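In the numbering used here, the protein residues as written are -6 to 349.
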């Protein structure tokens, strides 16, 4: 081959190689890539946002934010943004949840999540960076709590997380028997009511009577319906011990512990007449019991004698002789019946007992 032809062929090959390299170079794009706020410029031949990220070794996760979308095409001068999400184990006023945020600091995360109130109590500094693997964050918000203790009700504003925390904050101590309307570990929510109940437990005793019984014995020498107490009854006594619970000074329960008899009762002994009444149907035994205590030899210094307290003149007027106390009970009753027939029950101060 002639030398001139060889030179021509070489020139053509060289021109092709240079032209191809120039075309490849001209196809490269310059893209601004921002990852978590960090900006850098990259050269790429990628056609889409997803390809650009893939070239840079970036694999967006489910909660990451990619702008524009991964399938969007890129051109020279395009901007690609990747904000990677951080898992945040969040506890707000005792309520736990897991959220994802693209914030880079605690302060930014609070803004994203809508916690803008003043007075928040945080478990981490606002300026602390959020690591890519996430973190735990506890938030306690200010709450208005209705607090009732020792008869006083007031509204307190607090960032205490639990009922127990609030009581400690307010300097309120519960005794072993006191109780509260909320459990100590219960999380506080705005406008909750927390009431403290002061509970005291004490032992006490009461003394009560034991009623005596009545024992009756038949007396054939006394008229029917006539009764005589031969031994008075006496009530006994017993002591009962209780355990008493008072809530805020008011008794709420009483438990009986035991009962002890401290004095035995004494039965009342009574004789009951069984003898038939006189045919007139009047209660002469009741009249005698009222006038003389049922004693046929009763003497009143005022000048009255026997079962029915006759004066000597009255006794004589109904046929009696001597002193009534020397007459039998039957005779005294017969003379009294004569007096009744003559003048009625008004002859005696106790005359009404004839009709008992």
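Yeah, the Cβ is synthetic: ideal placement off N, Cα and C, and Gly gets one too.
Keep in mind that this is a model prediction, so the values were computed, not measured.
- For residue 49, no alpha helix (DSSP H) run applies, since DSSP gives it neither H nor E.
- Under DSSP, the beta-bridge partners assigned to residue 303 are 298.
- Proximity to residue 262 across 27, 221 and 124 peaks at 221, based on C-alpha coordinates.
- Looking at the backbone, the Cα of residue 173 and that of residue 158 are separated by about 13 Å.
- Beta-bridge partners of residue 140 (DSSP): 147 and 187.
- Around the CB of residue 140, 16 or more other CB atoms lie within 10 Å, so the residue is classed as buried.
- For residue 64, no beta strand (DSSP E) segment is defined, and its DSSP state is neither H nor E.
- Contact check for residue 67 against residue 24 passes: the beta carbons are separated by less than 8 Å.
- Counting C-beta pairs closer than 8 Å gives fewer than three between the segment 274 to 286 and the segment 236 to 253, which falls short of the contact rule.
- A buried status is given to residue 181, since no fewer than 16 other beta-carbon atoms sit within 10 Å of its beta-carbon.
- Taken through DSSP and simplified to helix, strand or coil, residue 105 comes out as helix.
- Sixteen is the threshold: since fewer than 16 other Cβ atoms of the shown chains lie within 10 Å of the Cβ of residue 104, the residue is exposed.
- Excluding the 5 residues flanking it on each side, residue 185 has same chain C-beta neighbours closer than 6 Å at 138, in chain order.
- The C-alpha of residue 191 is placed about 50 Å away from the C-alpha of residue 95.
- Between residue 294 and the set 116, 286, 168 and 304, the nearest pair of CA atoms involves 304.
- Residue 35 has its alpha-carbon roughly 45 Å from the corresponding atom of residue 86.
- The beta carbon of residue 74 sits closer than 6 Å to those of 27 and 60, all from its chain and outside the five residues before and after it, given in chain order.
- DSSP, read as helix, strand or coil, puts residue 153 in coil.
- With contacts defined by Cβ atoms closer than 8 Å, residue 194 and residue 166 do not form a contacting pair.
- Between the alpha carbons of residue 244 and residue 236 lies a distance of about 11 Å.
- The alpha carbon of residue 187 has as its nearest neighbour, out of 92, 212 and 156, the alpha carbon of 156.
- Counting along the chain, residue 334 sits inside no beta strand (DSSP E); it lies in the alpha helix (DSSP H) bounded by residues 322 to 336.
- The C-beta distance from residue 48 to residue 41 rounds to 11 Å, too long to meet the 8 Å contact threshold.
- Taking the Cβ atoms as the reference, residue 232 lies roughly 5 Å from residue 198, within the contact range of under 8 Å.
- Distance from the CA atom of residue 58 to the CA atom of residue 118, rounded to whole angstroms, is 25 Å.
- Residue 98 carries a strand assignment under DSSP once its states are collapsed to helix, strand and coil.
- With a beta-carbon spacing of about 5 Å, residue 229 and residue 257 fall inside the 8 Å limit used to define contacts.
- Less than 8 Å separates the beta-carbon of residue 54 from that of residue 78.
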